[in-house]
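Engineer: Below you'll find the structure I mean.
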DNA sequence: TTGACAAATAGGAATGGTTCTTATATGGTT
DNA sequence: AACCATATAAGAACCATTCCTATTTGTCAA
């Protein structure tokens, strides 16, 4: 008896998305790419390229760091992974200590400040407040700025 | 007649905060530090350490990059500047494409995902929608995680 | 199934940003 | 005015990322 036969796990679905999106974008399905994607969906800690490399080298001992790094960037380009805070740029500083919010252009990485009362008044959810001490909150919008939209 | 005599500009106030906070934290007021802070409050683009260095070298030609970098880090430690998105870490990846939100620990840099309906339903403000195309929005809370709180 | 070709990979070199080290200089205090 | 802890300049070291090139490998069409 094969109980699991028809159960589509989340991860199974994610792998299916991976195959489809790769094909749709004319990308070859290589063992390295598959392994990197698998490693990523197993991870629960928003790993860096180096983190993924360190884990995957146990399974594919001669994989190169460059492949891991390049592949993760490819994943974000075809929309099967997102890059989270820490955009791999130099640290950027802001002397404005008032609560404000950010729009970030995904193309040119410009960060634009904006103010918004509704956003300022957001409450930290109860369950988060129990575990953590939140000292600041801000809304981050990401998309295309007017310059990059034109192109 | 000195019209401006009593007008405290924002920047004047900011400089006052700079002096006070520096003293309170036992930091010396050096020409370099003052100049770096002035440069920062004039900037409107969330500059990187290198950006600030390139600007300030015109005024203090023999200042070193290291001083600029170290000083900006000091500013964020004593709370007169914030570091914005791009925490100077490696890029970090997330295979979860659903809308979710982030809590970031300011000490250990851990990013914790959480879900929240109210946050999901936030509207992009009208004036932002006119200028930009927002493709994602998320709330970022920053503070201390349970581990770092204990210490 | 095989052959051809475009795409992907490994490995190492190069780059760019950040941090460390150390000798010298200086702000703040006595 | 003199002292000392702190800050600075300069360059080396470090780390993450990207580039380069020769080799390998999916994929597709015959």
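Residue numbers (my numbering), protein chains in the order written: chain H, 940 to 1090; chain V, 940 to 1090. Ideal Cβ placement from N, Cα and C applies to all residues, glycine included.
In whole angstroms, what separates the C-alpha of residue 966 (chain H) from that of residue 956 (chain H)?
Structural biologist: To locate residue 966 (chain H), count along the first chain from 1; it is residue 27. To locate residue 956 (chain H), count along the first chain from 1; it is residue 17. Rounded to the nearest angstrom, the two C-alpha atoms are 13 angstroms apart.
Engineer: Can you tell me which of the three DSSP states residue 1024 (chain V) falls into?
Structural biologist: Counted from its first residue, the second chain places residue 1024 (chain V) at position 85. If DSSP states are grouped into helix, strand and coil, residue 1024 (chain V) belongs with coil.
Engineer: For residue 1003 (chain H), tell me which candidate among H:992, H:1012, H:1066 and H:997 has the shortest Cα-Cα distance.
Structural biologist: Looking up residue 1003 (chain H) in the first chain gives position 64. Nearest option by C-alpha distance: H:992.
Engineer: Taking just the CA atoms, how far does residue 953 (chain H) sit from residue 946 (chain H)?
Structural biologist: In the first chain, residue 946 (chain H) corresponds to position 7, counting from 1. In the first chain, residue 953 (chain H) corresponds to position 14, counting from 1. With a pLDDT of 37 at residue 946 (chain H), under the threshold of 50, the predicted position of this residue should be treated as unreliable, though the coordinate-derived value follows. Cα to Cα, the separation comes out at about 14 angstroms.
Engineer: I want to see whether chain V comes within less than 8 angstroms of residue 963 (chain H), judged by CB atoms only; does it?
Structural biologist: What you label residue 963 (chain H) is simply residue 24 of the first chain in a count that begins at 1. Not one chain V Cβ lies under 8 angstroms of residue 963 (chain H).
Engineer: Could you tell me which of H:1016, H:1087 and H:1027 sits nearest to residue 963 (chain H), measuring between CA atoms?
Structural biologist: The sequence position of residue 963 (chain H) within the first chain is 24, counting from 1. Per the Cα distances, H:1016.
Engineer: Between the segment 1045-1063 of chain V and chain H, which residues of the former have CB atoms less than 9 angstroms from a CB of the latter, in chain order?
Structural biologist: Answer in chain order: 1045, 1048, 1049, 1050, 1051, 1052, 1053, 1055, 1057, 1058, 1061, 1062 and 1063.
Engineer: In its own chain, which residues sit with a C-beta less than 7 angstroms from the C-beta of residue 1007 (chain V), not counting the 5 before and 5 after it?
Structural biologist: Taking the second chain and counting its residues from 1, the one referred to as residue 1007 (chain V) is at position 68. Result list for residue 1007 (chain V): 975, 988, 991, 992 and 995, in chain order.
Engineer: Is the Cβ of residue 1028 (chain V) closer than 8 angstroms to any Cβ of chain H?
Structural biologist: If you number the second chain from 1, residue 1028 (chain V) lands on position 89. So yes, residue 1028 (chain V) belongs to the interface.
Engineer: Looking at C-beta atoms only, is the number of pairs between the segment 977-987 of chain H and the segment 1024-1038 of chain V that lie closer than 8 angstroms three or more?
Structural biologist: Yes: at least three Cβ pairs fall under 8 angstroms.
Engineer: Could you have a look at residue 1003 (chain V) and say whether DSSP puts it in helix, strand or coil?
Structural biologist: By 1-based counting over the second chain, the position of residue 1003 (chain V) is 64. Three-state result, residue 1003 (chain V): coil.
Engineer: Can you give the Cα-Cα distance for residue 1014 (chain H) and residue 972 (chain H), rounded to whole angstroms?
Structural biologist: Here residue 1014 (chain H) corresponds to residue number 75 of the first chain, with the count starting at 1. Here residue 972 (chain H) corresponds to residue number 33 of the first chain, with the count starting at 1. The straight-line gap from Cα to Cα measures roughly 9 angstroms.
Engineer: Let me see if you follow: with CB-CB separation under 8 angstroms, is residue 1021 (chain H) close to chain V or not?
Structural biologist: Taking the first chain and counting its residues from 1, the one referred to as residue 1021 (chain H) is at position 82. Cβ-Cβ to chain V under 8 angstroms: yes for residue 1021 (chain H).
Engineer: Measuring CB to CB, does residue 1080 (chain H) end up less than 8 angstroms from residue 1063 (chain V)?
Structural biologist: In the first chain, the residue the question calls residue 1080 (chain H) occupies position 141. In the second chain, the residue the question calls residue 1063 (chain V) occupies position 124. Against a cut-off of 8 angstroms, the Cβ pair of residue 1063 (chain V) and residue 1080 (chain H) comes out as a contact.
Engineer: Taking residue 993 (chain V) as part of the beta strand (DSSP E), name the residues at either end of that continuous run.
Structural biologist: The residue given as residue 993 (chain V) occupies position 54 in the second chain. Element bounds for residue 993 (chain V): not the beta strand (DSSP E) but the alpha helix (DSSP H), 988-995.
Engineer: Name the two residues that bound the continuous alpha helix (DSSP H) containing residue 955 (chain H).
Structural biologist: Indexing the first chain from 1 puts residue 955 (chain H) at position 16. Where residue 955 (chain H) is concerned, the enclosing alpha helix (DSSP H) stretches over 949-963.
Engineer: Using a C-beta cutoff of 8 angstroms, does residue 1043 (chain V) count as contacting chain H?
Structural biologist: Here the question's residue 1043 (chain V) lines up with position 104 in the second chain. By this cut-off, residue 1043 (chain V) is an interface position.
Engineer: So the candidates are V:1045, V:1052 and V:1022; which of them puts its Cα closest to the Cα of residue 984 (chain H)?
Structural biologist: As a position in the first chain, residue 984 (chain H) is number 45, starting the count at 1. The candidate whose alpha carbon is nearest that of residue 984 (chain H) is V:1052.
Engineer: Any beta carbon of chain V sitting closer than 8 angstroms to that of residue 966 (chain H)?
Structural biologist: Counting from one through the first chain, the residue named residue 966 (chain H) turns up at place 27. Not one chain V Cβ lies under 8 angstroms of residue 966 (chain H).
Engineer: Along chain H, in chain order, which residues have C-beta atoms closer than 7 angstroms to that of residue 1077 (chain V)?
Structural biologist: Along the second chain, one-based indexing puts residue 1077 (chain V) at 138. What residue 1077 (chain V) touches in chain H: 1079.
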